[in-house]
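Undergrad:
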Amino acid sequence: MDPDSSVHWGAYPALYVAVAFALGVFGNSVFEGVPFSFWLGGAGAGLALFAGMQWWDRTRLVTLAPLGRVLAAIVVVGCAGGARHSVYQGPSPRGLAPAAEASDDAVTVQGIVENAPERTDEATRFVLAVNTLFGARDTAAVEGRVRVTLKPSPRANTVPSFPRLRQGDVTRLRGSLRRPPGLRNPGGFDYAAYLSRRGICCTLYVDAPDRVAVLGNRRGRVQNALVSLRAHVRRQVDRYVPSTGGRAVLRALLLGDRSRITDAQRARFAKTGLMHLLAVSGLHVFLVGMVLYALLRPFLLRLRLRWRTAEVVRAALTITVLVFYMLLTGGRPSVVRAVIMATLFIGGIFFQRSAHSLNTLGVAALGLLAVRPPMLFDVGFQLSMAAVSGIVTLNPRFLEMVPDRYRTSEALDWVLSTGTTSAAAILGTAPVLLYHFGWVSVAGLLLNMVGIPCTGLALTSAIATVAVGGLWPTAAASFSSAADVFLQGLLATSRYGAAWFSWAGIRMATPDLWELTALGAGLIAVAQWPRPRLRWRWIVIGGLFMTASVWGPVVGGGTAPTLDIVFFDVGQGDAALLKTPSDHHVLIDAGPRSPSGATAEFAVLPFLRRWGIRRLDLVVVSHSDADHLGGLPTLLQAVRVDRVVHNGRSVDTDLYSQTRRLLRRNGVSRQAAHRGDTLQMDSSIRAEVLSPSGRSTLATENNASVVLRVEYGDINILLPGDIEKAIEQNLVRTYGEKLLGHVVKVPHHGSETSSRPSFVRSASDSTQTHAVVSVGHSSRYGMPDARVIRRWRREARQVHSTADRGAVWMRTDGKEVWRLQWQ
-8 MDPDSSVHWG
2 AYPALYVAVA
12 FALGVFGNSV
22 FEGVPFSFWL
32 GGAGAGLALF
42 AGMQWWDRTR
52 LVTLAPLGRV
62 LAAIVVVGCA
72 GGARHSVYQG
82 PSPRGLAPAA
92 EASDDAVTVQ
102 GIVENAPERT
112 DEATRFVLAV
122 NTLFGARDTA
132 AVEGRVRVTL
142 KPSPRANTVP
152 SFPRLRQGDV
162 TRLRGSLRRP
172 PGLRNPGGFD
182 YAAYLSRRGI
192 CCTLYVDAPD
202 RVAVLGNRRG
212 RVQNALVSLR
222 AHVRRQVDRY
232 VPSTGGRAVL
242 RALLLGDRSR
252 ITDAQRARFA
262 KTGLMHLLAV
272 SGLHVFLVGM
282 VLYALLRPFL
292 LRLRLRWRTA
302 EVVRAALTIT
312 VLVFYMLLTG
322 GRPSVVRAVI
332 MATLFIGGIF
342 FQRSAHSLNT
352 LGVAALGLLA
362 VRPPMLFDVG
372 FQLSMAAVSG
382 IVTLNPRFLE
392 MVPDRYRTSE
402 ALDWVLSTGT
412 TSAAAILGTA
422 PVLLYHFGWV
432 SVAGLLLNMV
442 GIPCTGLALT
452 SAIATVAVGG
462 LWPTAAASFS
472 SAADVFLQGL
482 LATSRYGAAW
492 FSWAGIRMAT
502 PDLWELTALG
512 AGLIAVAQWP
522 RPRLRWRWIV
532 IGGLFMTASV
542 WGPVVGGGTA
552 PTLDIVFFDV
562 GQGDAALLKT
572 PSDHHVLIDA
582 GPRSPSGATA
592 EFAVLPFLRR
602 WGIRRLDLVV
612 VSHSDADHLG
622 GLPTLLQAVR
632 VDRVVHNGRS
642 VDTDLYSQTR
652 RLLRRNGVSR
662 QAAHRGDTLQ
672 MDSSIRAEVL
682 SPSGRSTLAT
692 ENNASVVLRV
702 EYGDINILLP
712 GDIEKAIEQN
722 LVRTYGEKLL
732 GHVVKVPHHG
742 SETSSRPSFV
752 RSASDSTQTH
762 AVVSVGHSSR
772 YGMPDARVIR
782 RWRREARQVH
792 STADRGAVWM
802 RTDGKEVWRL
812 QWQ
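Numbering follows the working numbering, in which position 708 of the sequence shown is assigned residue number 699; successive positions increment by one, without gaps.
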């Protein structure tokens, strides 16, 4: 055995304990039905194994007892993680979630505002720890945390003013209590899982101020201090910082409140690899705490305190400030991790004990997971841990590769260290980013050299502004002006970086676990570079995984070209994307638009971004109703559209006028479709227009829908829009058996005005046809009609609905059709 490797692998016990605990949490999440007694029994077995290894070690001269003890410890800690997650996820006998599932009407709840409310011009959001539920006849004591949104109804004539709530307020609210929606579209956001990882079971929407009552508060001294300090910070930022963008970013840096940052700004920071500068993280903790720690020593020594006393005072003051800053910014995982690591680092200096950064990282991870086990699946937690791991393990290797002749000055050394640290953080987080988002920006290698100094100087100036704002206005104005200059530099870096370097990155359309594991093995090999034996082991492991990723699809026969059609869950509307074998993309309808926005922004666009689709070769708008055309303006502003096909009818609506203006501005080709036309999509695909005919000028808007039949090999896909029985009968008379589709979108969302028996019989085959209903989960229009669904179930092989489990993703190789389970 390599002696160096044995010393190396035994050097990080805290990290290994944290990994074992995380494996237990992961195991319990995968095997949800495993009872708590199983984990308890496993821990007992691990303890028995440990005791047996101890006895064996004493009775034999040469044994494998050390390895056995390590395995026993892993079993015990892993079972502890599984048990902790089992207890945390266990249902409460007084849980609030059943009330949300049982109630369709407004309910009244009472609880305590748990965090600092985030306020925007449109809404106020916060978490309420509910303790009382008021029913029609009685009152029940309950337990549950609710994500509350105070937002006036979009149909309200005037914008009402809601009471100003603060952390710790006892509040009674009346509104719509719901279980949050889960993942409804591929590439979308799983809001239910996001809230669940934070211990939040439900959402509550309140649309009127008279439904909010503040009954008092239950704030202690610490919470009162936090509320007062937050108010002071907001006042100073709003008073002295001149620009709107600067005020929004400073709120994020000082308070962890990113509600004022626009979606466009977030997108630019994400594209350029600068998103970590908007999130309160280790960098900000370092500036707030460690700089204070360094400055306190000479100040305390000037007071002629003894060295030991000075160290105690500065350690206690710094840790107190860091904990207070953690609470002030909302206790996000990255901040908690950084505070724990900083506390251990300060403790090591005080007790004159060295601690490796990976060990302190392990302690931080173990503490976070012990308090809230589902945090393991939180992207922020994973990115935080991966970034620190990358910096600790990879950055020293990168610095070793830099020749000494390039490190001749402090300025050059700073540039090199910033670049290598950024590279280490980017590589460390790459597997996490590729798995969750399919994109890693490498532009941050260059942009961080500007962004990090701007952020540090802005934060330092902002802290000075807050400190002197109430005492010395002239100095506060000077500090705030300096902070705003640096913030404008940060915003300009993200803006120009997104314009010039948005292409610079690595994209992975779908998570390939073989490739990601190979990447992880390669990073470990780099970290182990000074240890040749371990280095080559990991290189070989990475090569094996990469070989598996290349040959796996070939062996599995998954290389045949396919046509995909994704019916998005856009609520009460239609939007379907065709992805052809030659990687062309055709969108049929764009979903609805409501006063709160277009659903395409949350359903279609995330899919396009996740799979790297920046261009739609063709958009077919079946007709101009808002539930089909509503999302097109949003798409036209986000992606390139080459051509739009429509039914040739103009309507007098603001939506239609806006769409026409955007089409003209973007130079998009437009074409009216008529029966008999063939649309060019792909050389292997034939798309024929079955309706409208030239004689349908007097038809209703629904009956004027563009009806498409898409042929790929032996497979037909029928997309009839919102046609009703008159056009259905016309199609049956005209095409007869040619209407048969292996995939059929049920007309008009399953309305009783469509799907006449003759049409259903002509369009479907009980052994082949997959019928898809695009409809909202709770449609106020009474769709789909139960009789219509029964009719399709009798005639088709299977009926799928977007209302059930979200988007329906169908795939065909030209010979058969199957549904992809994308969730």
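Just so you know, even glycine gets a beta-carbon here, dropped at the ideal spot from N, CA and C.
(1) For ASP395 and TRP520, what's the separation of their Cα atoms in angstroms?
(2) For a minimum of 3 consecutive residues, which ranges assigned as the beta strand (DSSP E) are wholly contained in the region 121 to 181?
(3) Inspect the beta-carbon positions of THR162 and LEU206 and report whether they are closer than 8 Å.
(4) Tell me whether the beta-carbon of SER745 lies closer than 8 Å to the beta-carbon of TRP783.
(5) What did DSSP end up calling PHE117 once you bin it into helix, strand or coil?
(6) On the DSSP letters alone, give me the boundaries of the alpha helix (DSSP H) that GLN479 sits inside.
(7) Which same chain residues, not among the five before or five after ALA261, have their C-beta less than 7 Å away from its C-beta?
(8) Rank ILE382, GLY564, ASN657, ILE604 by C-alpha distance to the C-alpha of THR590 and give the top, closest one.
(9) Should THR351 go down as buried or exposed, given a rule of 16 or more other Cβ atoms within 10 Å for buried?
(10) So is TRP30 buried or exposed if we call it buried at 16+ other beta carbons inside 10 Å?
(11) Determine the direct distance from the alpha carbon of MET281 to that of ALA329, and round the result to whole angstroms.
(12) With DSSP run on the structure shown, which of helix, strand or coil describes ALA56?
(13) Taking only beta-carbon positions, decide if HIS761 is within less than 8 Å of chain C.
(14) Taking the straight line between their C-alpha atoms, what separation do you get for VAL104 and VAL66?
(15) Measure the beta-carbon distance from THR334 to THR553 and round it to whole angstroms, keeping in mind my assumption that it falls under 8 Å.
(16) Output yes or no for whether 8 Å exceeds the beta carbon distance between TYR3 and LEU349.
(17) Here's a check: name, in chain order, each residue in its chain whose Cβ is nearer than 7 Å to the Cβ of TYR703, leaving out the five neighbours to either side.
(18) Does GLU506 come out as helix, strand or coil in the three-state DSSP assignment?
(19) Among residues of its own chain, excluding the 5 on either side of LYS736, which ones have a beta-carbon nearer than 6 Å to its beta-carbon?
(20) Is PRO683 closer than 8 Å to THR650 when the C-beta atoms are compared?
(21) DSSP three-state call for ASP96: helix, strand or coil?
(22) Could you give the residue range of the beta strand (DSSP E) that holds LYS736?
(23) Using a Cβ-Cβ cut-off of 6 Å (strictly less than) and excluding sequence neighbours within five positions of GLU302, which residues of its own chain qualify?
(24) State the Cα-Cα distance for the pair CYS70 and SER375, rounded to the nearest angstrom.
(25) PHE593: beta carbon under 7 Å from a heavy atom of the ligand GTP?
(26) Quick one: using the 10 Å Cβ neighbour count with 16 as the cut-off for buried, is TRP463 buried or exposed?
(27) By a C-beta neighbour count over all protein chains shown, 10 Å radius and 16 as the cutoff for buried, is PRO422 buried or exposed?
(28) Who are the near neighbours of SER380 in its chain, counting only those whose CB is closer than 8 Å to its CB and skipping five residues on each side?
(29) Quick check: the region 433 to 447 against the region 456 to 473, are at least 3 beta-carbon pairs closer than 8 Å?
(30) Can you give the Cα-Cα distance for TRP542 and ASP673, rounded to whole angstroms?
(31) Just list the residues that DSSP pairs TRP430 with in beta bridges.
(32) Find the nearest neighbour of SER696 within the set ALA678, ILE706, GLU715, ALA42, judged by alpha-carbon distance.
(33) If you draw a straight line from the C-alpha of LEU425 to the C-alpha of ARG170, how long is it?
(34) ARG75 to PRO364, Cα distance in whole Å?
(35) To the nearest angstrom, report how far apart ARG251 and LEU609 are at their CA atoms.
(36) Give the C-beta separation of THR309 and ILE337 to the nearest angstrom, bearing in mind that I take them to be a contact with Cβ-Cβ under 8 Å.
TA: Reading from the atomic positions:
(1) 19 Å
(2) The region 121 to 181 contains these whole beta strand (DSSP E) runs: 130 to 141, 160 to 169.
(3) yes
(4) With contacts defined by Cβ atoms closer than 8 Å, SER745 and TRP783 do not form a contacting pair.
(5) In this structure, PHE117 counts as strand in the three-state DSSP scheme.
(6) 464 to 492
(7) none
(8) GLY564
(9) Burial call: buried.
(10) buried
(11) About 11 Å.
(12) helix
(13) Among the chains of the structure shown, chain C does not appear; only one protein chain is present.
(14) 40 Å
(15) The beta-carbon separation of THR334 and THR553, rounded to 54 Å, does not stay under the 8 Å limit for a contact.
(16) yes
(17) LEU554, SER675, ILE676, THR803, GLY805
(18) Correct three-state label for GLU506: helix.
(19) LEU710, VAL763
(20) Taking 8 Å as the Cβ cut-off, THR650 and PRO683 do not qualify as a contacting pair.
(21) coil
(22) 734 to 736
(23) Correct list, in chain order: PHE341.
(24) 25 Å
(25) Among the components modelled here there is no ligand, and therefore nothing to report on the ligand GTP.
(26) exposed
(27) The residue in question, PRO422, is buried, as its Cβ has 16 or more Cβ neighbours within 10 Å.
(28) LEU349, LEU352, GLY419
(29) no
(30) 28 Å
(31) ARG498
(32) GLU715
(33) 29 Å
(34) 7 Å
(35) 36 Å
(36) For THR309 against ILE337, the beta-carbon gap comes to about 6 Å, under 8 Å, which counts as contact.
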